[in-house]
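In what follows, a single structure is set out as structure tokens and then discussed.
Laid out in structure tokens, this is it:
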């Protein structure tokens, strides 16, 4: 098992214990800056992807990375394909992936200190589509 797969297994257990069906992991820290310190690299820690833009969504049976076209190859090269599917924005959408993954009606958690109000509303809209 790869390090990211082991981390994912632990995260999925924590998600289940919290009564959730999934979790959103962004690259942002609480200051929403482009540069984040190594201790705040949550997305890289869980996925291996080190690009400066992107997010991941983890469900109990699927996980997806999303970033823009600058990072299409990097996402594929740095993430474990047995764990993560990779999607290039804006061609792909979180709403479409959630539907394809059968996530309709599931509860997706997010750390509110790591997203803006506008970002939260975008996530909420994607989850409700």
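Residue numbers (my numbering): 1 to 129.
Here a beta-carbon is modelled for each residue, glycine too, at the ideal position from N, C-alpha and C.
- When the five nearest sequence neighbours on each side are left out, no beta carbon in the same chain lies closer than 7 Å to the beta carbon of residue 96.
- Listed as beta-bridge partners of residue 68 by DSSP are 89.
- Residue 86 places its beta carbon less than 9 Å from that of residue 79.
- For residue 117, the enclosing alpha helix (DSSP H) starts and ends at 117-128.
- The secondary-structure analysis by DSSP pairs residue 59 across a beta bridge with 22.
- Only residues of its own chain outside the window of five on either side were considered, and among them none has a CB closer than 6 Å to the CB of residue 104.
- Across the structure, residue 115 and residue 52 are spaced so that their CA atoms are roughly 16 Å apart.
- It is roughly 19 Å from the alpha-carbon of residue 107 to the alpha-carbon of residue 66.
- Cβ contact annotation for residue 33 (same chain, cutoff 7 Å, sequence separation greater than five): none.
- In the DSSP annotation of this structure, the continuous segment of the alpha helix (DSSP H) that includes residue 11 starts and ends at 3-17.
- Of the residues 117, 31, 30 and 63, the one whose Cα lies closest to the Cα of residue 7 is 63.
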